[in-house]
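*Asks:*
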Amino acid sequence: MRLTQGKIFIKDMRFHARHGVLPQETLTGGDFLVSVEAGCGLQRATETDDVADTLNYADIHRMVKEEMVVPSKLIEHVAGRIGRRILSEMPQIEELTVSVTKENPPMGADSRGAGVQLHWRNDEKDN
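The structure is reproduced here in structure tokens:
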């Protein structure tokens with residue numbers, strides 16, 4: 001029997017960052033949640049119990065943290081940077097989803113957050 005699909009995920013990593021279009025957002029910053037889900041081959045890790053045979057979610061967190069420090073106007077841009085960075089450093093990923101949520105966005109509405117979700121498929125893995 002063979003494992004057909006595996007995913008590593010980190011949900012709702014919390015950051016205070018200076019992303020936004022409004023001057024106040026870049027001055028004082030705001031709170032953001034970032035989630036990452038990475039599809040990859042996990043068969044070997046289920047057998048070996050060795051972190052070298054999986055995606056290290058501590059490395060994913062480090063990359064996200066480093067990208068969240070870089071100010072951007074749009075959370076789409078932030079999510080895109082995070083996704084490209086993870087894919088460039090972890091080419092074994094087959095599919096990747098990155099979600100960025102801005103908590104309590106300044107839009108005059110009673111909302112827990114507004115966000116974006118981007119999904120990549122690594123077509124190079126098929127070759």
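Here full-length UniProt numbering is used: the first residue of the sequence shown is 1, the next is one more, and so on. Just so you know, even glycine gets a beta-carbon here, dropped at the ideal spot from N, CA and C.
(1) For Asp31, write down the residues that DSSP places opposite it in a beta bridge.
(2) Which whole-angstrom value describes the C-beta separation of His119 and Thr97, a residue pair presumed to lie in contact below a C-beta threshold of 8 Å?
(3) Look up Asn127 in the DSSP assignment and say whether it is helix, strand or coil.
(4) Report the rounded CA-to-CA distance for Leu50 versus Ser111, giving the unit in angstroms.
(5) In whole angstroms, what separates the C-alpha of Ile10 from that of Ala45?
(6) Using a Cβ-Cβ cutoff of less than 7 Å, which residues in the same chain neighbour Glu76 once the five nearest sequence positions on both sides are dropped?
(7) Give every residue of the same chain whose Cβ lies closer than 6 Å to the Cβ of Arg81, excluding the five residues on either side of it in the sequence, and list them in chain order.
(8) Should Asn127 go down as buried or exposed, given a rule of 16 or more other Cβ atoms within 10 Å for buried?
(9) Compare the beta carbon distance of Val36 and Val100 with 7 Å and say whether it is the shorter of the two.
(10) Since Asn99 sits in a beta bridge, which residues does DSSP pair it with?
(11) For residue 136, tell me which candidate among Val69, Met107, Ala109, Met63 has the shortest Cα-Cα distance.
(12) May I ask you to list the residues that DSSP assigns as paired with Lys7?
(13) Measuring alpha carbon to alpha carbon, tell me which of Lys102, Arg85, Glu124, Pro71 ends up nearest Asp59.
*Replies:* Here's the rundown:
(1) His16
(2) 5 Å
(3) With a pLDDT of 44 at Asn127, under the threshold of 50, the predicted position of this residue should be treated as unreliable, though the coordinate-derived value follows. Coil at Asn127, not helix or strand.
(4) Checking the sequence shown, residue 50 turns out to be Asp, not Leu. Their Cα atoms are separated by approximately 42 Å.
(5) 18 Å
(6) Val116
(7) Glu67
(8) Low confidence applies here, because Asn127 scores a pLDDT of 44, under 50, leaving its location unreliable; read the following figure in that light. Exposed is the call here.
(9) no
(10) Note on residue identity: the sequence assigns Ser, not Asn, to residue 99. Ser99 is bridged to Ser35, Gln117.
(11) Since the first residue of the chain shown is 1 and the last is 127, residue 136 is not available in this structure.
(12) Gly39
(13) Arg85
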